[in-house]
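Shown next, in structure tokens, is the structure this report addresses.
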Amino acid sequence: MTEKNICSGRGKHCNAADMNDRLILSLRDLSHIMRFLYEGKASQKRVLIILNESEAMTQRDLTERLGIQPGSASEILSKLERAGWIRRVRNDADRRTTDISLTDAGRELAAEALAQRQKRHEDMFSCLSEEERQELLSLLEKIRADWKIRYSEKGNICRHGHCHSDCRDGGGHHHNRRHDGSHGRN
Numbered sequence: 000m001t002e003k004n005i006c007s008g009r010g011k012h013c014n015a016a017d018m019n020d021r022l023i024l025s026l027r028d029l030s031h032i033m034r035f036l037y038e039g040k041a042s043q044k045r046v047l048i049i050l051n052e053s054e055a056m057t058q059r060d061l062t063e064r065l066g067i068q069p070g071s072a073s074e075i076l077s078k079l080e081r082a083g084w085i086r087r088v089r090n091d092a093d094r095r096t097t098d099i100s101l102t103d104a105g106r107e108l109a110a111e112a113l114a115q116r117q118k119r120h121e122d123m124f125s126c127l128s129e130e131e132r133q134e135l136l137s138l139l140e141k142i143r144a145d146w147k148i149r150y151s152e153k154g155n156i157c158r159h160g161h162c163h164s165d166c167r168d169g170g171g172h173h174h175n176r177r178h179d180g181s182h183g184r185n
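For what it's worth, numbering that gives the first Met the number 0 labels the leading residue of the sequence shown as 0, then goes sequentially.
Given below as structure tokens:
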């Protein structure tokens, strides 16, 4: 006999497989909404907030922290530099390395962006009580810990958390690849 659960909002019964599908779809939907709210994975504001945490950061360290390709980081940094919010300076100790730091205007904008982020986070979870938020956090941390163990043993988890087992290029990045495996070109 299949395990049955009540499907919320529909008044119908659904089996455990349907429940798992709904969980995955809900997580995927939330992921897309969060990406939209954050203007993408490596929005300029996110870069400013990260840079505001330190005096300077190498471009390599920033790229790794963002979990994006170096070329994508360069593009974002060029826009921020043209706007006058960051400066790039060759590292005196290692001339091959570029240090990134905020200008005064960049620090101001980073502080505003951080305040906006904190307000957005409050708004995002305002529908939940403190107890519900704690319960949700506990469950998500339990799932994350299990998945890290379960899937990293198979070599399918990259350092920034997503699976690369389906990549045709042997586990490399596939951020630009569409769900059908193409890159959006015919």
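Note that CB positions come from ideal geometry on N, CA and C, so glycine has one too.
In the DSSP assignment, find the unbroken alpha helix (DSSP H) run with residue i in it and report its ends.
i	result
residue 106	103-123
residue 137	129-151
residue 51	43-51
Rounded to the nearest angstrom, what separates residue i and residue j at their Cα positions?
i	j	result
residue 14	residue 34	30 angstroms
residue 101	residue 57	12 angstroms
residue 55	residue 141	35 angstroms
residue 95	residue 62	16 angstroms
residue 147	residue 139	12 angstroms
residue 31	residue 121	18 angstroms
residue 80	residue 106	13 angstroms
residue 133	residue 124	11 angstroms
residue 23	residue 16	11 angstroms
residue 128	residue 25	20 angstroms
residue 77	residue 111	21 angstroms
residue 135	residue 143	12 angstroms
residue 117	residue 91	36 angstroms
residue 150	residue 67	21 angstroms
Based on DSSP bridge pairs, tell me the residues matched to residue i.
i	result
residue 56	99
residue 85	101
Going by alpha carbons, who is nearest to residue i out of the options?
i	options	result
residue 84	118, 111, 104	104
residue 71	18, 109, 20, 42	42
residue 99	16, 75, 17	75
residue 45	124, 131, 87, 115	115
residue 69	59, 78, 77	59
My understanding is that residue i touches residue j, with C-beta atoms under 8 angstroms, so please give their C-beta distance in whole angstroms.
i	j	result
residue 109	residue 47	4 angstroms
residue 87	residue 97	5 angstroms
residue 36	residue 119	6 angstroms
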